[in-house]
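A short write-up of the structure that comes next.
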Amino acid sequence: MASIKENRGFRNLRLSRWVGMQSVVLLLLVPAASQAETCLAPVRPFVPSDSQAARDYADIIRRDFEAYISGIQDYFHCLEQERARVFEEAREVSQDYGRFLELVGD
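Residue numbers (mature numbering (1 follows the signal peptide of the UniProt record, and there is no 0)): -36 to -1, 1 to 70.
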């Protein structure tokens, strides 16, 4: 009976070490993942087909278009920043892969 309890204790120790190692790996990956930016396109402004409704809500519709134009400029800027970041990351990964291939002799 004692050997079963010792075996379980060893197994739990190995399991807890494995979980601990996974936690460390996740913590190392989170900062890299948080660098990526999510670029969300603004919602296209709605224009009613009824001319009277368009006149009635002209101020709101005008603000919606101005917000869209500003938002789309921010969106394009975000996409450009993300493209540059990913391009640099891909270059670094390519270099890492080259070093890896040298290590394993391929």
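Just so it is clear, CB atoms sit at the ideal spot from N, CA and C, and this is done for glycine as well.
Model, not experiment: these values are computed from the prediction.
Coil, strand or helix - residue i by DSSP
i, result
"F64", "helix"
"R8", "coil"
"C42", "helix"
"E1", "coil"
"G69", "coil"
Boundaries of the alpha helix (DSSP H) in which residue i is found, first to last residue
i, result
"S15", "S15 to D20"
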